[in-house]
Each structure stands twice: as C-alpha cells, then as structure tokens.
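In the working numbering, the protein residues as written are -6 to 206.
By construction, the Cβ of each residue, glycine as well, lies at the ideal position given by its N, Cα and C atoms.
Just so you know, these numbers come straight off a predicted model, no measurement behind them.
The structure under discussion appears below in the form of structure tokens.
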C-alpha cells in the first residue's frame, strides 16, 4: 500500500522550475503582443468619441445659427466675468444674454427670442482625455493658413496640457479636416504658436472652427 501511495504522489507532482519558466515566457510573449494592441484600441476609441462630440457640437451650432441668426457667445462673458470652461454656451438651455443685444458695441446679430432648443441633450463635460471642451465666439476670424476670414465663427477647444497623444491629435484632424495641425479648420495651438509639437511644454490645445462659410 505504501508503494502505491508513493507512486500516486509522484504522478501528481507540481510543475518543475523549467516548466514554470516556459509558462512565464509564453505569458510574456502574449503580453507583448496583446498590450500594444489593447492600448491602440483604447486610443482609437477615444479619438472616435472626440470626433463624435465635435460633430454633435458642430451640428448643434449650425441648428442654433439657423434659428437665432448667430452663434452663441463665449461662455463666461461679458468682459469682467470669469470664463466658464467646459459648460454649455446655450445649446442645452436658452442663454440669458440680453446684454449682447442691448449693447450696440458688441454687434451681436442674433435674435435670442427665436431660440428653439435644446440643440444638444447635454454639453459634454469632458473630452476623452480628461479635460474640457470650451466654446468661444469670434467675429472676422482668420482661419489659420487658409487665407480665409469668416465673419462669424464658433471655436471648440479641446484643452490638452500634454494629455492628448500627437497621433490622436493628427487622427482627429484627418477625420474632421485635412490632417495638417498647423492650418485649416482643425489646428493645434501652443500658446501663440500654430502647429505641433508644442516645444515640450504640453500647454497647447486643439481648436475646431465652426462656421457657415
């Protein structure tokens, strides 16, 4: 009986050191193959979400313009008030902005009584890389590198601060515009400088121009 028990135990021995090393090596190879693909898939999903957000904001802006006759003013104005980054400029709720039309120096051409929203279900609180979308209104805006000036424009800004990979910025530009971050209706700005890279500061932002022309 002792012989049978010992034989059974020998047959149920664990992995040898060599076998464990082989298993670990296989896991390492699989991880090296799978991990980069997983990260690429995650980043691709972030790009798709950002493009979806930008297209939704652009469509809302054009519908707002069709009703009101102008784009919403920059959120956080009039001058002297803090700029409220990452909040709805008037696509979800009718803006309380009588100062725009009462002040002749502003030159706002919209009729807020014609507001017929909401044009968005909600303003996206964050872009996929963890910072905010900001809306700004411009008049006589020179589209970078095109020689074109648009009379009225809304600028959607994706705050970056080093969070958005260069490849993702380029991917957004390719899908929405022309793939050139230094010019066009989608461009990257580092402080006062157009284009990418951002000189290592990570203090830039991607801007998307919404205009009727």
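Quiz item: Is the region 163 to 178 close to the region 41 to 48, with three or more CB pairs under 8 Å?
Solution: yes
Practice problem: Quick one: using the 10 Å Cβ neighbour count with 16 as the cut-off for buried, is residue 21 buried or exposed? | Solution: exposed
Quiz item: In chain order, what residues of the same chain have a beta carbon less than 6 Å from the beta carbon of residue 134, not counting five sequence neighbours either side?
Solution: 143, 146
Exercise. Tell me, please, which residues DSSP counts as bridged to residue 34.
Key: Per DSSP, none; premise fails for residue 34.
Quiz item: Within 10 angstroms of its Cβ, does residue 32 collect 16 or more other Cβ (buried), or is it exposed?
Solution: exposed
Exercise. Could you tell me the boundaries of the beta strand (DSSP E) in which residue 133 lies?
Key: 126 to 136
Practice problem: Evaluate residue 53 with the Cβ neighbour count: other Cβ atoms within 10 Å of its Cβ, from every protein chain shown; 16 or more gives buried, anything less gives exposed. | Solution: buried
Self-check item: Whole-angstrom distance between residue 119 and residue 108, CA atom to CA atom
Solution: 25 Å
Quiz item: Beta carbon of residue 130, beta carbon of residue 84: below 7 Å?
Solution: no
Exercise. Give the range of the alpha helix (DSSP H) segment to which residue 169 is assigned.
Key: 159 to 169
Quiz item: Contact check, residue 150 vs residue 127 under 8 Å by CB: the rounded distance?
Solution: 4 Å
Quiz item: So who's on the other strand from residue 151, going by DSSP bridges?
Solution: 126, 199
Exercise. Could you tell me if residue 123 is buried or exposed, where buried requires 16 or more neighbouring beta carbons within 10 angstroms of its beta carbon?
Key: exposed
Quiz item: Do you know offhand how far residue 155's Cα is from residue 27's?
Solution: 26 Å
Quiz item: Buried or exposed: which applies to residue 204, given that a residue is buried once 16 or more other Cβ atoms fall within 10 Å of its Cβ?
Solution: buried
Self-check item: Option in 173, 138, 64 with minimal Cα separation from residue 160
Solution: 173
Quiz prompt | Collapsed DSSP secondary structure at residue 178 in the structure displayed | solution = coil
Quiz item: Under a three-way DSSP split, which group does residue 42 fall into?
Solution: helix
Quiz item: Who are the Cβ neighbours of residue 180 in its own chain at under 7 Å, not counting the five residues just before and after it?
Solution: 137, 174, 187, 200
Quiz item: Roughly how many whole angstroms lie between the Cα atoms of residue 165 and residue 39?
Solution: 10 Å
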